[in-house]
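Below you'll find the structure, written out as structure tokens, and then a few comments.
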Amino acid sequence: MKRLLLAAAFMMTAMAASAQSIVTSDESIAKNMTSWRFSVQSGYGYRVGRVDRSQDQVLVDHAKKLKHGFMFGADATCYFMGTLGVGLKYSALSSSANESVTVTFEDGNVESGQMKDNIRISFIGPMASYRMMCRDGRDTFLMNLGLGYLGYRNDAVLIDPYVIKGGSLGYLYELGYDLGITDKVSIGATFGYISGSLFSYEAYSEGAWRTVSLDSDSYESLTHLQLSIGVRINL
2 MKRLLLAAAF
12 MMTAMAASAQ
22 SIVTSDESIA
32 KNMTSWRFSV
42 QSGYGYRVGR
52 VDRSQDQVLV
62 DHAKKLKHGF
72 MFGADATCYF
82 MGTLGVGLKY
92 SALSSSANES
102 VTVTFEDGNV
112 ESGQMKDNIR
122 ISFIGPMASY
132 RMMCRDGRDT
142 FLMNLGLGYL
152 GYRNDAVLID
162 PYVIKGGSLG
172 YLYELGYDLG
182 ITDKVSIGAT
192 FGYISGSLFS
202 YEAYSEGAWR
212 TVSLDSDSYE
222 SLTHLQLSIG
232 VRINL
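The numbering used here puts the first residue of the sequence shown at 2, with every later residue one more than the last.
This is the structure in structure tokens:
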């Protein structure tokens, strides 16, 4: 996690320094104060939840692999006061891991096979945004705060396939810097923090769904960090 934070700080600093070399006219600066900003981005995600190290080492290593993943996101923001705006945000983190295991079941049967997890954590919801024009007016520094639905789905296998899904309230915090390429197109880097926990979930196996409630000491943390790069369109 420390490496991710250092990488984010380095990238933001480098992009801000690069902005010094861009010169635009007053007209292009005025055009940059647009009403809409559309963005797509992808990058790296890291789940910050604790791994239970009291488990078998195979399970510990499996859980560590699931902490790292690929993220993709998109958002649209309307700036109605120049620097203040509201928007809609979607972001998804995907991670997977696969192991060969031997399992002893409660009835005493022992079976060997695959243990797979294919997890997606998705955030969707409204956000408030503040942007500050930097350098010559073409670049922008952004801060976003969001509140929405944080969904969880795991298409898994433990000898036999099963599905786990659930949802919770999610919180979004973001810092970003957009580096202008033209008056309407920018590339940018964003560092994000999405937090939330799963208190219960729906599990599907052997043709039936069942609801599982988690104890307070075993809530599933969905909190994760994101570092992404993407394209922005200003209209």
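Glycine is no exception: its CB is placed at the ideal position from the N, C-alpha and C atoms.
Counted as a single uninterrupted DSSP element, the stretch harbouring Lys185 is not any alpha helix (DSSP H), since DSSP gives it neither H nor E. Positions of the alpha helix (DSSP H) runs, each at least 4 residues long and wholly inside the segment 131-162, cannot be given because no such run exists. CA-CA distance, Leu173 to Val111, rounds to 44 Å. Its chain contains Gly70, Phe71, Arg121 as the residues whose beta carbon lies nearer than 6 Å to that of Ser95, once the 5 sequence neighbours on both sides are disregarded; these appear in chain order. Distance from Gly193 to Arg233 at the Cβ level is roughly 15 Å; contact not present, criterion being Cβ atoms closer than 8 Å.
Excluding its 5 nearest sequence neighbours in each direction, Ser97 has C-beta neighbours in its own chain below 6 Å: Asn119, listed in chain order. Apart from the 5 residues on each side of it in sequence, Trp37 sits with its Cβ closer than 6 Å to the Cβ of Cys79, Leu236 in its chain, given in chain order.
Under DSSP, no beta-bridge partner is assigned to Val49.
If you look at Asp62, you'll find it in the alpha helix (DSSP H) that goes 58-66.
Residue range 69-80 is occupied by the beta strand (DSSP E) that includes Asp76. Residue burial is scored here from C-beta neighbours: Tyr153 has at least 16 other C-beta atoms within 10 angstroms and is therefore classed as buried. A direct Cα-Cα distance of roughly 10 Å separates Leu89 from Leu148.
Segment contact: the segment 215-226 against the segment 42-53, three or more CB-CB distances shorter than 8 Å; contact assigned. Listed in chain order, the non-local C-beta contacts of Gly167 below 7 Å within the same chain comprise Tyr153, Leu199, Ser201, Tyr202, Glu203, local neighbours out to five positions each way being set aside. DSSP links Thr105 through a beta bridge to Val111. Boundaries of the beta strand (DSSP E) around Gly231: 225-235. In the structure shown, the three-state DSSP call for Ser43 is strand. Taking Ile160 as reference, the option from Thr105, Met128, Asn145, Asp137 with the minimal CA-CA separation is Thr105. Straight-line spacing of the CA atoms in Arg139 and Asp184 works out to 7 Å.
Cβ neighbours of Thr141 within its own chain (closer than 7 Å, five residues either side excluded): Arg132, Met133, Met134, Cys135, Asp179. For Ala129 and Ser55, the gap between their C-alpha atoms comes out near 41 Å. The Cβ atoms of Ser43 and Asp76 do not sit closer than 8 Å to each other.
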